[in-house]
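Trainee: Chains as they are written, first to last, in my numbering: chain W, 1106 to 1319; chain Z, 55 to 358; chain D, 29 to 518. There's a structure below that I have some questions on.
Below is the structure:
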């Protein structure tokens, strides 16, 4: 189980760095899909002891939504908005990758701080979740393309999902489903918002949304 | 016997180095549906250059003449230190991995100086690009070697490569895989292959390495071509030695495994060159920093 | 009628009303429906409130999924009151919306989202499970986002996008905090079948891990605090409030912010059990004071009336947060202030919304001489803004005064001094704006349009509440607020 988690960890880090350093939005969406499937598998690995229908349902729902559903939705939006690549973001791609290295260090440090209190959570997954959260936040802040901000939000969601899976065992199914539903509706709403923004502004670069100040 | 074993790796490099280039060219030709040049073409080329006389511009000084010689010399020196997979190198001492990186840097420095010495704007541009990318590639190389040192717990290249066994791969799979990816990227970057640079390009504006050596001729050009082959051999050897964790102890077995590995590497590079287009110059730093990042991630993974 | 059934019926009525709005043929019917639904909800809310206060202090339903104590019952009543006022005002506002018109498609969308938001907020206030509470909170964000851009103009889309992104991040943080809180109960020894139940988490017997609880509370405060408009993470708030249609702004300011703060406060008793009283209270005082100061700074330079009111919301959310941080006496003042602020801010947005329609802009220099140009809404603007800045006979003055006493009683002198300075700044700068708006030369020359039937009752009710509560506090209300404050003390 540990070797498997380590592989997931390494691949997850890789996908994050790919997201930080890639300018093509289509490629980013495919990496996001890969990441969704990868971390969707975590419940199956962690709850190996009792591989119940709940873990399977959780994993299946996640893979279906984050691995397939959202990427398809985003690809459709991209086709409609006709942007293929992101023009240089607020923070350049090289600097983004360097931020990734910094965030990785930070997440390792935070994980070692938190680990004593969360002794049943595997170290590599805790590290993954914190790293995903940091990278997601960074993508939202540093990118000017609305689609990339949604991608950042989903990376953040992935991180929180992993955190939830490894730390909390006694969550009722209803809550988990509610959370998934919210993520679904959230992305849907953001999709509609992007559609409107594209129609009104003729672009989905959010630095054009700068009329309201003070 | 030990003395014989230790000279195998430099001798193989000196003899077979240019063959690697030929193999890459043959692969590309095959993919493109051509027959391609004969396998011994690089040897013919080098021999031809060595027979010719050299032409030196009026503006050049001794720095220009010294460049190719220094470059070739330091690569000879590096060959003495770098092991070839399981086969040990003649020289081995603590910290020699930094010396190897330093020697490669000295060679590049000499070529860059020679390029600047011509006073031509094209050469200067190539030199500037070369140094720009090298500044990013060198930390990446050191990081990748540091990961290997950390995994094996050794501080010298020969023991490090002795320590990369199948069991080491099992114990640190993600880390070693990431380091290997870094080394593959570096093999492409350092040897001016696609997608970073195109060794067959004919337009000065798009060149990086080739534009630096435009003014060299005769034996100097021969030295440069030979040095390029050796460099590819060195970095290829580092990569193949990492991904081919066969440490049987039997010389002929390890040696032929490495030979096979080098051939496969040449084919892989040929495939990459056929399948990919050259990156735009602004994206190359991204590519190299990404490669370095892989090693950093690997390093952190092994620390965790 | 039984309180348990009321809980379920309240949710059902709101959802059914939302569905009904989607199928109505005329805009006027939609507007009537939302008022009717709000009125029915009011009856349910008062019924529940009475049951909670009369009975053992709490009502549970659906096998502990729903749990209402005095704290949540008080919030539910304020919520429904704000909704009732705003729904009635929506009728007045949209029937005279000349600039964009009020097509049936817009009306249906508005009605469904409006009642949907009501249902989501009720879910937040009623649920015992902190996970479901989070789900409800996220649902309010998603539903209300489209209320901001009911008319998709460039500015409203910009405001909506900022609202969506910033609040989604905030909500994600809050979820992280919720998870950490649930994890803290497990590593404390007891493996609960359901660690997310507030009744388990807040009971003194729960052994909570202090480190995790500390992280959890910080995450929750920052996360829900984003939604509550606490500085320095309030940046979405002025944009959203200024671009939304006036009834929506009133609902946002009047209660959505309080819902988020309610969520934060639900985590205070567990944090106090695990970490002692000082940690949570200290953070609340710091965030509250900071919000008051930041808002005061921005209020000085505002030119747009709705943005001015938005920054007033930041200030008042800061005051309420500060009050919660000051112990039981402060919590009493904070709860009283919640009621006053909700009523007052709704009235202010109504007035600015209607006057904005008449003068054609929300810029303060175009709204001039409101008192003479439009008697009803001019008076509403004058009273609500005077009350907002804390002028004496109105109830906000009373709650702020109680808060000062609480601050003095607990020895929070620094917070007290900063609060007074900021209030002074707000008073002077807002008064300057107000005098021009209310007493300047009227620029609108055509006679006032015919108001809807409900306009006068809305203003009379709101002004009356502010005035009466400022002069006389009924004993039953004071007892109700005291028992709500007691919930927070654990």
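Just so it is clear, CB atoms sit at the ideal spot from N, CA and C, and this is done for glycine as well.
Applying the 10 Å Cβ sphere with the 16-neighbour rule, what's the burial state of residue 114 of chain D?
Mentor: buried
Trainee: Taking 9 Å as the CB-CB cut-off, is residue 288 of chain D touching chain W?
Mentor: no
Trainee: Taking the CB atoms as reference points, tell me whether residue 1167 of chain W and residue 1144 of chain W lie closer together than 9 Å.
Mentor: yes
Trainee: Out of curiosity, what's the CA-to-CA distance linking residue 375 of chain D and residue 1208 of chain W?
Mentor: 47 Å
Trainee: Counting only beta-carbon separations shorter than 9 Å, does residue 1310 of chain W have a partner in chain D?
Mentor: Contact of residue 1310 of chain W with chain D is not assigned, every C-beta pair being separated by 9 Å or more.
Trainee: By DSSP's criteria, residue 1310 of chain W is part of a beta bridge. Which residues make up the other side?
Mentor: W/1250
Trainee: If you scan the region 407–483 of chain D from start to end, which runs of the alpha helix (DSSP H) of 4 or more residues do you find wholly inside it?
Mentor: Within the region 407–483 of chain D, the complete alpha helix (DSSP H) runs of at least 4 residues are 423–438 and 441–467.
Trainee: Who are the Cβ neighbours of residue 216 of chain D in its own chain at under 8 Å, not counting the five residues just before and after it?
Mentor: In this prediction, residue 216 of chain D scores a pLDDT of 49, lower than 50, which makes its location untrustworthy; no coordinate-derived value is stated.
Trainee: Does residue 1339 of chain W get closer than 9 Å to chain Z when you measure Cβ to Cβ?
Mentor: Because chain W in this structure spans residues 1106 to 1319, residue 1339 of chain W falls outside the shown range and cannot be described.
Trainee: Where does residue 251 of chain Z land, buried or exposed, given buried means 16+ other C-beta within 10 angstroms?
Mentor: buried
Trainee: List the endpoints of the continuous alpha helix (DSSP H) containing residue 136 of chain Z.
Mentor: It is not in any alpha helix (DSSP H) - residue 136 of chain Z carries neither H nor E in the DSSP assignment.
Trainee: Which residues does DSSP pair with residue 86 of chain D in a beta bridge?
Mentor: Looking at the DSSP output, residue 86 of chain D bridges to D/97.
Trainee: Kindly give me the distance between the Cβ atoms of residue 422 of chain D and residue 498 of chain D, rounded to whole angstroms, as I take these residues to be in contact under 8 Å.
Mentor: Their Cβ separation, rounded to whole angstroms, is 4 Å, which keeps residue 422 of chain D and residue 498 of chain D in contact under 8 Å.
Trainee: Give the straight-line distance between the Cα atoms of residue 169 of chain D and residue 1175 of chain W, rounded to the nearest whole angstrom.
Mentor: 19 Å
Trainee: What are the residues that DSSP puts in a beta bridge with residue 332 of chain D?
Mentor: D/391
Trainee: Spell out whether any CB of chain D is found under 9 Å from the CB atom of residue 1251 of chain W.
Mentor: yes
Trainee: Going along the chain, which residues of the region 1181–1192 of chain W sit with their C-beta nearer than 9 Å to a C-beta in chain Z?
Mentor: none
Trainee: Tell me, to the nearest whole angstrom, how far the beta carbon of residue 308 of chain Z is from that of residue 140 of chain Z; I am working on the premise that it is less than 8 Å.
Mentor: 4 Å
Trainee: Thinking just about the alpha-carbon of each residue, which of W/1198, W/1179, W/1197 and W/1195 is nearest to the one in residue 1189 of chain W?
Mentor: Closest by alpha carbon: W/1179.
Trainee: Measure from the alpha carbon of residue 275 of chain D to the alpha carbon of each residue in D/51, D/120 and D/65, then state which is nearest.
Mentor: D/120
Trainee: Could you tell me how far apart the beta carbons of residue 1124 of chain W and residue 1133 of chain W are, in whole angstroms, since I believe they sit closer than 8 Å?
Mentor: 6 Å
Trainee: What does the alpha-carbon distance come out to for the pair residue 284 of chain Z and residue 1108 of chain W?
Mentor: Taking the straight line joining both Cα atoms gives about 38 Å.
Trainee: Kindly list the residues whose CB is nearer than 8 Å to the CB of residue 93 of chain D, restricted to its own chain and excluding five residues on each side of it in sequence; keep chain order.
Mentor: Excluding residues within five positions, the ones whose Cβ falls inside 8 Å are 155, 156, 157 and 160.
Trainee: So what does DSSP say about residue 217 of chain D, is it helix, strand or coil?
Mentor: At residue 217 of chain D, the pLDDT of 48 sits below 50, so the modelled position is not reliable; the number obtained from the coordinates is stated separately. In this structure, residue 217 of chain D counts as coil in the three-state DSSP scheme.
Trainee: Using a Cβ-Cβ cut-off of less than 8 Å, give me the residues of the region 1196–1210 of chain W that come near chain D, in sequence order.
Mentor: none
Trainee: Using a Cβ cut-off of 9 Å (strictly closer), state whether residue 237 of chain D contacts chain W.
Mentor: With 9 Å as the cut-off, residue 237 of chain D counts as an interface residue toward chain W.
Trainee: Mind checking who residue 54 of chain D pairs with in its DSSP beta bridge?
Mentor: According to DSSP, residue 54 of chain D shares a beta bridge with no other residue.
Trainee: How about residue 239 of chain Z: is its C-beta nearer than 9 Å to some C-beta of chain W?
Mentor: Closer than 9 Å: no.
Trainee: Could you check where the alpha helix (DSSP H) with residue 300 of chain D kicks off and where it finishes?
Mentor: 296–303
Trainee: Using CA atoms only, rank isn't needed, just tell me which of D/346, D/478 and D/333 is closest to residue 464 of chain D.
Mentor: D/333
Trainee: Cβ closer than 7 Å: which chain W residues qualify as neighbours of residue 196 of chain D?
Mentor: Below the 7 Å Cβ cutoff, chain W contributes 1258 and 1291 as neighbours of residue 196 of chain D, in chain order.
Trainee: Quick one: grab the DSSP three-state call for residue 494 of chain D.
Mentor: helix
Trainee: What residues in the region 1122–1148 of chain W have a beta carbon less than 7 Å from any beta carbon of chain D?
Mentor: Those residues of the region 1122–1148 of chain W that come within reach of chain D (Cβ to Cβ, closer than 7 Å) do not exist; the list is empty.
Trainee: Could you tell me whether any Cβ in chain W is nearer than 9 Å to the Cβ of residue 351 of chain Z?
Mentor: yes
Trainee: Let me check one thing: in DSSP terms, what residues is residue 155 of chain D bridge-paired to?
Mentor: D/94
Trainee: Measure from the C-beta of residue 183 of chain D to each C-beta in chain W and report whether the shortest distance is under 9 Å.
Mentor: yes
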